[in-house]
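Data first, discussion second: the structure below is written as structure tokens.
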């Protein structure tokens with residue numbers, strides 16, 4: 204089943220599912236850095252219990268999934284985070300321009316350029332092919348090139364740039380970009396996160 208994801212309520216609780224805010228990685232993981240030295244932006248911090256409840260995917264209990272992505276307010280960066288099925292694009296993603304970390308809760312670490320924190324709520328169930336922006340569970344919508352190299356990964360959710368606070372409505376390169384989160388079946392690779400534009 205696919206459900207809408209809504210980001211309408213500001214969040215002050217770092218332990219709830221949310222976009223933006225601080226990352227609960229203090230003392231358990233380093234803040235991810237892109238190959239060019241740029242600190243990645245925290246896109247979302249989500250308890251695994253929330254993800255498992257709404258996707259049916261078995262995930263380690265008591266853990267969080269933190270999703271980071273390359274972002275620049277001044278420079279073009281779409282090519283750093285886009286994957287449409289080309290191996291060269293996947294190599295860029297895998298080099299560290301996006302990062303998915305599965306971790307136990309640590310201390311909250313904030314960056315001065317953080318996305319405003321909004322709670323991640325679920326809305327009504329929608330059809331898999333409905334154009335409704337951000338959603339969780341079911342099948343990915345508008346995913347281009349279904350022959351992508353994602354064997355061993357489970358689709359979890361997708362996030363639409365236009366659903367983010369106005370200052371970061373281009374969080375994935377363009378305001379109409381959609382980003383997809385996949386989590387791995389094994390602990391060797393934690394997940395993949397990438398954007399697509401039409």
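In the numbering used here, the protein residues as written are 204 to 401. Cβ atoms here follow ideal geometry from the backbone N, Cα and C, with glycine treated the same way.
Regarding residue 269 and the ligand FAD, is the C-beta to nearest heavy atom distance less than 7 Å? By its list of ligands, the structure shown contains no ligand whatsoever, and the ligand FAD lies outside what it can speak to.
Using the C-alpha atoms, what's the distance from residue 271 back to residue 340? 20 Å
Assuming residue 243 and residue 273 form a contact by the criterion Cβ under 8 Å, report the distance between their Cβ atoms to the nearest whole angstrom. 6 Å
C-alpha distance - residue 318 paired with residue 344, whole-angstrom precision: 25 Å
If you reduce the DSSP assignment to three classes, tell me which class residue 276 lands in. coil
In the DSSP assignment, find the alpha helix (DSSP H) that holds residue 257 and state where it starts and stops. 251–258
Taking the C-alpha atoms as reference points, what is the distance between residue 289 and residue 205? 27 Å
Indicate whether residue 147 and residue 378 have their beta-carbon atoms separated by less than 8 Å. The chain is shown from 204 up to 401; residue 147 falls before or after that span and cannot be answered.
For residue 238, count the other beta carbons within 10 Å of its own beta carbon; 16 or more makes it buried, fewer makes it exposed. Which is it? exposed
Does DSSP classify residue 268 as helix, strand or coil? strand
Please state whether DSSP places residue 380 in a helix, a strand or coil. coil
Within its chain, find whatever has a CB closer than 6 Å to the CB of residue 409; leave out the 5 residues flanking it on each side and keep chain order. Outside the shown range of the chain, which is 204 to 401, sits residue 409, and nothing can be said about it.
Whose C-beta lies closer than 7 Å to the C-beta of residue 385 among residues of the same chain, with five residues either side of it excluded? 353, 356, 357, 358, 359, 394, 395
Within the chosen definition, does the region 242–257 reach the region 307–323 through at least 3 CB pairs nearer than 8 Å? yes
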